[in-house]
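Plus 2 on top of the position in the sequence shown (first one is 1) and you've got this note's numbering. Glycine included, each C-beta is placed from N, C-alpha and C at the ideal position.
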Amino acid sequence: MSMDLTGITNKNEYYTNHYFSTVFEENTGAAISGWNAAAKESEEVRTPWSLLRQNARQYYRLHDKFVRSSMNLQMLVHIGTLADSYLKSLGFPE
């Protein structure tokens with residue numbers, strides 16, 4: 003089965019089309035399977051895409067607050083917290 007690569011563009015052809023059609027799917031398949039298995043084994047572990055979905059909900063709530071309020075230090079703290087949660091969801095260390 004072929005992986006859906008919607009949104010991924012081979013810009014400047016750094017990787018070959020062959021890589022995206024064969025090797026990329028094999029390399030990412032193992033990681034995705036591992037994330038799914040870990041999430042099924044424990045309720046504490048979540049997949050990166052579920053964490054990003056959760057962050058998206060927080061983003062819209064904070065965005066509305068930001069639009070309605072004047073710029074203050076508390077808002078900057080919220081923006082920093084949201085950025086940290088996105089980076090953590092993508093696997094970057096705190």
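| query | By how many angstroms is the C-alpha of Ala85 removed from the C-alpha of Glu45? | reply | 24 Å
**Prompt:** Excluding five sequence neighbours on each side, which residues of the same chain lie with their C-beta closer than 8 Å to the C-beta of Asn57?
**Reply:** Leu84, Ser87, Tyr88 and Ser91
* To do: Taking only the alpha-carbon atoms, compute the straight-line gap between Phe26 and Thr49 and give it to the nearest angstrom.
  => 19 Å
Query raised in the report: Apart from the five residues on each side of it in sequence, which residues of its chain come closer than 8 Å, Cβ to Cβ, to Tyr17?
Result: Phe26
Just the Cα atoms here: how many angstroms apart are His65 and Val47?
-> 27 Å
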